[in-house]
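Its first residue numbered 580, the sequence shown is counted upward by one per residue in this note's numbering. The C-beta atom is built at its ideal place from N, Cα and C for all residues, glycine as well. Some notes on the structure that comes next.
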Amino acid sequence: LHKVPLENKNGIRHYGNSWRLGDEVEQNEEFPMDNGKDIRETAQRLYAKLKAAEKKQQEDRRMYEDKLTHYQVEVEQSRQGRNEAQEAAAERHKEVEELTRLMSGMEKEHQQLLQKMKENEEELEKMRRGQQDGPSQERCLELENSVSTLKEKIHHLDDMLKSQQRKVRQMIEQLQNSRTAMQEKDRMIQELKEKVSWLQAENLELQDKLDHFMTTPGNQLYAAKSFSRPIQNFKRIYLPAGSGRPLPVIKLVET
């Protein structure tokens, strides 16, 4: 065995066995260059994170799509309800107009009957104050019958007018309710349209988030299928002497 002097930076020499120095150098030069276990765990963790984000995004998308479909159905139903209310209002409006015309005719007839009854009563009163001969008595009886008939007609006409007035009031109330219902349907349709727009914006935002996550360099790399499999044939690599860390200065001295 030869003594090998080791020169430090201060110039002082020390001696030791060459074989022991070789072992120490070899041990110091053993260090891993490829930490495959950490890469595999990181890849699996990031891939699991990506899959969880994709799953949540898909669940949120399905939830928003279900809500969107529900709101769209409600919008369509509200539109149909509004159309029905509008048709009912138009029908009630026609009926009100028809009843109004009918009542106007009945009121005219009522006024005519009242006028005729008044004339007959005046004539009857004059004849009663005059002479009661045969023709006058017959005319009085005729006028009395006419007045009685006119009173019955007027009474019947009054009942009809009151009934038609009640119908008109009910139809006007229904018409107002139909208009109120249409306004409510319009408000609901507007709210549902706003909800639909909001859900569509949420879907777009979710898609943008997923696209951004997928296009991130680190996530895009670890999302590859090759990283979803464990690394095979892993082994530690050691550097040969002279590559890697710098060696200490060694000088051989002949003896």
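- Distance, Cα to Cα, Glu676 vs Arg708? Taking the first residue of the sequence shown as 1, we reach residue 676 at position 97. Taking the first residue of the sequence shown as 1, we reach residue 708 at position 129. Approximately 48 Å between the Cα atoms of the pair.
- Neighbour-count burial assignment, Lys764, 16 or more Cβ in a 10 Å radius: As a first step, residue 764 is located in the sequence shown; it is residue number 185 there, counting from the start. Buried.
- Sorted by chain position, which residues of the same chain lie with C-beta nearer than 6 Å to Gln636's C-beta, five sequence neighbours on each side aside? Locating residue 636 in the sequence shown gives position 57, counting from the first residue. Excluding positions up to five away in sequence, the list reads Leu785 and Leu789.
- Taking all protein chains shown into account, do 16 or more other C-beta atoms lie within 10 angstroms of the C-beta of Asn662, making it buried, or fewer, making it exposed? Indexing the sequence shown from 1 puts residue 662 at position 83. Flag for Asn662 reads exposed.
- Message: With three or more beta-carbon pairs closer than 8 Å as the criterion, would you say the stretch 719 to 728 touches the stretch 761 to 780?
- Response: no
- Residue ranges of each alpha helix (DSSP H) within the stretch 707 to 741, 4 or longer: none
- Message: Under 8 Å: do the stretch 664 to 679 and the stretch 752 to 761 share three or more Cβ pairs, one atom per stretch?
- Response: yes
- Taking the CB atoms as reference points, tell me whether Leu740 and Glu686 lie closer together than 9 Å. Sequence index remark: in the sequence shown, residue 740 carries index 161 (1-based). Sequence index remark: in the sequence shown, residue 686 carries index 107 (1-based). Yes; because the gap between Cβ atoms is below 9 Å, this pair is in contact.
- Query: If you draw a straight line from the alpha carbon of Glu752 to that of Glu773, how long is it in whole angstroms?
  - Reply: Counting from one through the sequence shown, the residue named residue 752 turns up at place 173. Counting from one through the sequence shown, the residue named residue 773 turns up at place 194. Whole-angstrom Cα-Cα distance: 31 Å.
- Write down the C-beta distance between Leu692 and Ile733 rounded to the nearest angstrom, noting that I regard them as a contact closer than 8 Å. Against the sequence shown, residue 692 aligns to sequence position 113. Against the sequence shown, residue 733 aligns to sequence position 154. With 8 Å as the limit, Leu692 and Ile733 qualify as a contact, their Cβ atoms being about 5 Å apart.
- Task: Going by CA-CA distance only, name the one from Glu770, Ala627, Arg619 and Glu633 that's closest to Leu787.
- Result: As a working mapping, residue 787 is identified with position 208 in the sequence shown. The sequence shown places Asp at residue 787, rather than the Leu named in the question. Out of Glu770, Ala627, Arg619 and Glu633, Glu633 has the C-alpha closest to the C-alpha of Asp787.
- Message: So, for Val654: in the same chain, excluding its five sequence neighbours on each side, which residues have a beta-carbon less than 8 Å away from its beta-carbon?
- Response: Within the sequence shown, residue 654 is the residue found at index 75, counting from 1. Around Val654: Ile768, Leu771, Lys772 and Val775.
- What residue from Arg624, Met682, Thr794 and Gln665 has the CA that sits closest to Arg745's CA? For this step, residue 745 is matched to residue 166 along the sequence shown. Of the candidates Arg624, Met682, Thr794 and Gln665, the one whose C-alpha sits nearest the C-alpha of Arg745 is Met682.
- Item | Own chain, CB closer than 7 Å to Arg640, minus 5 neighbours either side, in chain order | Looking up residue 640 in the sequence shown gives position 61. Excluding positions up to five away in sequence, the list reads Asn782 and Leu785.
- Please determine, among Arg748, Gln743 and Cys719, the residue with the shortest C-alpha to C-alpha distance to Glu700. Residue mapping note: residue 700 aligns to position 121 of the sequence shown, counting from 1. Answer by Cα proximity: Cys719.
- Message: Applying the 10 Å Cβ sphere with the 16-neighbour rule, what's the burial state of Ala627?
- Response: If you number the sequence shown from 1, residue 627 lands on position 48. It counts as exposed.
- Task: Could you confirm whether any beta carbon from chain B is found closer than 9 Å to the beta carbon of Ser725?
- Result: Of the protein chains in the structure, only one exists, and it is not chain B.
- Message: Quick check on this structure: which residue in Gln716, Asp738, Leu678 and His735 has the alpha carbon closest to the alpha carbon of Val747?
- Response: For the purposes of this step, residue 747 is taken as the residue at position 168 of the sequence shown. The candidate whose alpha carbon is nearest that of Val747 is Leu678.
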